[in-house]
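Residue numbers (mature numbering (1 follows the signal peptide of the UniProt record, and there is no 0)): -25 to -1, 1 to 697.
Even glycine gets a Cβ: it sits at the ideal position worked out from N, Cα and C.
Each remark here refers to the structure printed beneath this line.
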Amino acid sequence: MTKSVFTPSLLCVSVLAALSPSVQAAEQPTTVLATEYVTAKRGQQTLKESAQKVLIINREQINDQLLISGDTSQALAKLIPGYAPASEKLGTVGESFRGRDVLFMIDGVPQSNPLRNGSRESRTIDLSMVDRIEVVYGASAEQGLGATGGIINFITKSNREDGLSQQIGVSLSSSSELKSAGLGGDVRYQASYGNDKVDGLFAVKYAKEGMYYQADGRMMGIYGNQGDVQGSDSIDVLTKGSYRLDDNKKIAASVNYYHLEGSQDYVNVAGDRSTGRTDTARKYNPAIDGEQGENPYNDVLTVNATYDDEDFFGTRLSAQVFYNDFAARYGANYAANYQDISIAPNGQLLDQSQNESTKIGSKFTINKDNLWQDKLALTAGVDAMQDTTEQRLIRYNRSWAPKMVYRTVSPFVQARVRLADRLNISAGVRYENGELTVDDFQTLAGYTRAARFGNRRWTTTQVAGGKLKFDELLPSAGVVYDVNNNTQLFANYAKGLGMPDVGNALRGITDVGRSVANTNLEPIVTDNTELGVRFYGEKLSADASVYQSKSDLGSTLQYNPLTEGYQAVRQKTDIKGAEIALRYQATDNTQLSASYAYAQGKYDAAGDGVMVDMPARNISPNKLSLGLVHKLPNNKRFTATATHLFSRDYPAVDSRESSFSGYTLVDVAYRQPLGKGELGIGVNNLLNEEYLNYLTSTVLPTSDRFSGGRGRSYTISYTQSF
C-alpha cells in the first residue's frame, strides 16, 4: 500500500488545461518539435514522428552526472522518470523501468541477459564513452527480446572534427570526511581523427573508486554477495572507425571492452534494524574473517560492425553484425544452496557463482520513404541471434544454472502513413521465432538439504533437457495527431516479449521426474498501452502520459524460505502509471525542469484472481525530480538537481515488514573553461541527507542488509584538449 496518493487521470487533465492557452495563442512564436533521429527505433523515426514516449539524454547532461558520480545506475535513476532508484552497489537488484525489465544496448547491441538475469546488465560501459542515451518508454518488440519495460540504448562517441584532436583528463573524488580510504579518481585519454573518407576514435579510462561514507560519517556497508562499486577498479577501452565508400555507402566497426572489479579489502559489519543502526564496514582480517574467494567483477566485450547504404535500389539499407561476451562474477559465501556434504561438512563449503553469456547476431533493415505521394514510409527487416548462457559455481566447477541456448530468427515490417495534414498512423508486426535448448543437467545437492526430503536428502536432482519452441506475433500501432506546430497528442499499443528468469527457474528444481518440457518457461508477453501529449513552445516544453502494462503470465521474484533465495514465479501482473515532465526557459541563460513519475503494480500472488500490491523488488517508489541549468558568462555552466523518492509500504517478505521511507537528494555541478581545457566540480548529496538505501527494501530485510545511503561526496575534474 502506498502512502502517497495520486490520480493519473487528474494529472493529464491538469496538463492539458495548462497547455490549452498556448495552443490557442496562434500569434505566439512557434518551435518545431525535435527532428533528431532515434536509432533505437528501426524505422528512422524522429522524436516528432514517434507514437511512443522517447527521451534523449545528451552529452552535456552526461558530463554533469560524471561530476556527481560515475555510477551509471545513479545517472539513469536521476535522469529518467520511471527508472527505479539506484542500488549504489555493483549489483542492480530492484532496478526496473516502469516496473519491468529494460533492454540495455550499446549502439544497438543487446547487453541484457534474459535467460539468467543476474542484475548486472546496466554496468557494461563507462559513461565517459557515451555520447548520448536514447530511452524508449514502454514495451517494445522492435529490438527483440527483453524490452518489456523499455529500451535504453547507449550511443558511443564518434569523431566530430576534421584532422587530429586529442583530450586528456583526470578526476579526484572524496567523501566529506576527507579520509584516505574514501579517495578515488580516474585518468582518461581520447584521440580522434577525421577527413572526407575516414573517421576514427580511440578512448581509454581507468577509474578507482574510494570507499563510500554515510551521512553520519561511518563507512557504508558492503554487499558481499552481489559485489560492490565502492573500492572497485575499472577500465574501459573504446576503438571505433568508419570509412565512406562513396556518397551513399559507409562501413563502420567498433570494439568496447569494459572491466569493473570489486575490492575485498573491507568486510560488512551488520547493523541492527530494531535500533535503526545501519550496516558499516571494517578492514578485512583473515584471522577473523577467513577465506574470501575471488574478487567480484563485470567483464564485457562488445564488438559491432555496420554497413549503411542510403541508395540501395531506391531504399536505405542498414546491416549490422555483433558479438557480445559478458561475464559477471559474484562474491563468495557459504550460501545454504551451495552446500554439498560430499565435498565439505554442511556450512563449511565456500563457493561463488559466475554468470556467463555470449551473444552473436545480426540485424538487417530496409527503409523506403516517399511512397504514395510522400505519405507512406515502409520498414522491413530480419534479426537473428544466438544467446548462450550458463551460471557456474567456479571454486568446484559446478553448474548452477545449466547451459541454455536460445536461437531466434525474427522478421518484421512497419508502416507509417500520413492520413491527413495533422494525422499520422503507424503499425507493425514482428514474428519472434525462437528455440530454447537445454541439455540434461542436475541441480545442486544443497536444494535437498531439508529433512522433508527424507532419503533423498543431500542428493542432486536429475532433470531431463529438451527443446522448447516459441512463436509469437507481436503487433504494434500508434497515432500521432498534430494539434498545431507545437503540440501533439499521441497514443500507442505494443506487445513486448521477455523471458522469465529461465536459469533461476531451472536451477531450483527438486521434483523427481521434472524436465525442461514440463517447467513453465513460456515467454512473458506484455501488452502496453499509452496515451499522452507533448508540447514545445518558445519558453515552455512539456510532456505527459498515462500507461498500462499488463501480462496474463508475468513473472515476479519472490522469496522462498525453503531455498532461502528469490525464485521466479509466474503470475498475472498489471502495472499502471503516469509521468509528466516540464521544462521552462526562464531566461536566455536559465532553464528550470520538473518531472514526476507514478506507478502502481498489482499481481495475482495466490493464483486466485485477487490482485495485490507488487513487492519492492518489482515496483519502485514514486519520484519527483527538479532541475536547474544556469549558463554564466564565458561558457561557465551550473546545474542543480533535487530528487525526491516518496515513501511506500510494500508486502511483507517472509513475514517481515518491508517498507521504503523515502528521501530527498540534492546534487550540484559546475563547469568552466580553464586554460585550454575545462574544470569541473561536482557535489553528490549536497545536504548530506541521511537515508536508507532502496536496496534495503528490495532484498530480504535482514540485519546484514540494512544499507544506509552515501553521504556528501565531492569530485573535481580537469580535461584538456590539444
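Would you kindly work out how many angstroms separate the C-alpha atoms of A1 and F72, rounded to a whole number?
Any reading at A1 must be qualified, since the residue scores a pLDDT of 32, below 50, and its modelled position is unreliable; no value is offered.
If contact is defined by three or more beta carbon pairs under 8 Å, each pair taking one atom from either stretch, is the stretch 270 to 290 in contact with the stretch 225 to 245?
Taking 8 Å as the limit for Cβ pairs, the verdict is that the stretch 270 to 290 does touch the stretch 225 to 245.
What residue does the alpha helix (DSSP H) around residue 751 start on, and which one ends it?
There is no way to answer for residue 751, as the model of the chain reaches only from -25 to 697.
To the nearest angstrom, how far is the alpha carbon of S44 from that of E109?
S44 and E109: Cα-Cα distance of roughly 20 Å.
Using the Cα positions of T462 and A156, report the straight-line distance between them to the nearest angstrom.
If you take the alpha carbons of T462 and A156, they lie about 52 Å apart.
Can you pull the DSSP bridge partners for K525?
Paired residues: D502, D549.
In chain order, what residues of the same chain have a beta carbon less than 6 Å from the beta carbon of L30, not counting five sequence neighbours either side?
Around L30: V110.
Taking the beta carbon of V413 as the centre, do at least 16 other beta carbons fall within 10 Å, making it buried, or is it exposed?
V413 is buried by the Cβ-count criterion.
Using only the alpha-carbon positions, how far apart do I656 and F129 sit?
If you take the alpha carbons of I656 and F129, they lie about 25 Å apart.
Using the Cβ count rule (16 or more neighbours within 10 Å means buried), how would you classify P(-5)?
Only weak support is given to the placement of P(-5): the predicted model assigns it a pLDDT of 37, under 50, and the value that follows is read from those uncertain coordinates. Looking at its Cβ environment, which holds fewer than 16 other Cβ atoms inside 10 Å, P(-5) is exposed.
I want to know whether the stretch 454 to 461 touches the stretch 476 to 487 - three or more CB-CB distances under 8 Å.
With the cut-off at 8 Å, the stretch 454 to 461 and the stretch 476 to 487 do not touch.
State buried or exposed for G159, treating a residue as buried only when at least 16 other CB atoms are found within 10 Å of its CB.
Buried is the call here.
Is V173 buried or exposed, if buried means 16 or more other CB atoms sit within 10 Å of its CB?
It is exposed - the Cβ of V173 has fewer than 16 other Cβ atoms within 10 Å.
By DSSP, does G683 sit in helix, in strand, or in coil?
Here G683 sits in strand by DSSP.
Ends of the alpha helix (DSSP H) at Q118?
First-last for Q118: undefined, no H or E at that position.
Note the first and the last residue of the continuous alpha helix (DSSP H) segment covering P261.
Where P261 is concerned, the enclosing alpha helix (DSSP H) stretches over 261 to 264.
With A359 as the anchor, note down where its beta strand (DSSP E) starts and where it stops.
Counting along the chain, the beta strand (DSSP E) containing A359 begins and ends at 351 to 368.
Short of 7 Å in beta carbon distance, which residues of its chain neighbour L41, apart from the five on each side in sequence? Order them along the chain.
Correct list, in chain order: L102, S103.
Taking L95 and T67 to be in contact with their CB atoms under 8 Å, please state how far apart those CB atoms are, rounded to whole angstroms.
Inspection of the sequence shows that residue 95 is occupied by Arg rather than by Leu. About 7 Å; that satisfies the 8 Å criterion.
Taking the alpha carbon of Y689 as the point to measure from, which residue in S672, V658, Q366, L398 has its own alpha carbon closest?
Answer by Cα proximity: V658.
On a Cα-Cα basis, can you pick out the residue from W433, K334, G185 that is closest to L419?
Among W433, K334, G185, the Cα nearest to that of L419 belongs to W433.
Starting from K611, trace the beta strand (DSSP E) in both directions and tell me its first and last residue.
That run of the beta strand (DSSP E) goes 611 to 620.
Looking at the secondary structure, which residues open and close the alpha helix (DSSP H) in which G478 lies?
Where G478 is concerned, the enclosing alpha helix (DSSP H) stretches over 477 to 482.
Applying the criterion that 16 or more other CB atoms from any shown protein chain within 10 Å of the CB defines a buried residue, is G83 buried or exposed?
G83 should be labelled buried.
Using only alpha-carbon positions, find the residue among P60, Y112, G119 that is nearest to N88.
Answer by Cα proximity: G119.
If you draw a straight line from the C-alpha of S148 to the C-alpha of R107, how long is it?
Answer to the nearest angstrom: the Cα atoms are 24 Å apart.
Could you tell me whether the stretch 191 to 211 touches the stretch 254 to 265, where touching means 3 or more Cβ pairs closer than 8 Å?
Short answer: they touch.
Which residues does DSSP list as the beta-bridge partners of N299?
DSSP, once it has assigned bridges, lists T277, K334 as partnering N299.
Quick check: what's the CA-CA separation for M(-25) versus R623?
Note on M(-25): pLDDT 38, under 50, position unreliable in the model; no value is reported.
Going residue by residue through the stretch 175 to 232, where are the continuous beta strand (DSSP E) segments of at least 3 residues, counting only ones entirely within it?
The stretch 175 to 232 contains these whole beta strand (DSSP E) runs: 208 to 219.
What is the residue span of the beta strand (DSSP E) that T462 lies within?
Counting along the chain, the beta strand (DSSP E) containing T462 begins and ends at 462 to 473.
Quick one: Cα of K16 to Cα of K28, how far?
K16 and K28: Cα-Cα distance of roughly 12 Å.
Can you tell me whether DSSP reads S696 as helix, strand or coil?
Three-state DSSP puts S696 in a strand.
Hey, I126 and S133: beta-carbon distance below 7 Å or not?
Not closer than 7 Å, so no.
If you pair each beta-carbon of the stretch 165 to 183 with each one of the stretch 210 to 229, do three or more pairs fall below 8 Å?
The stretch 165 to 183, when compared against the stretch 210 to 229, does touch it at the 8 Å Cβ threshold.
Might you give, ordered along the chain, the residues of its own chain that have their beta carbon closer than 6 Å to the beta carbon of T358, omitting 5 neighbours on each side?
It should be pointed out that residue 358 corresponds to Asp in this sequence rather than to Thr. Excluding residues within five positions, the ones whose Cβ falls inside 6 Å are G119, K338, S385.
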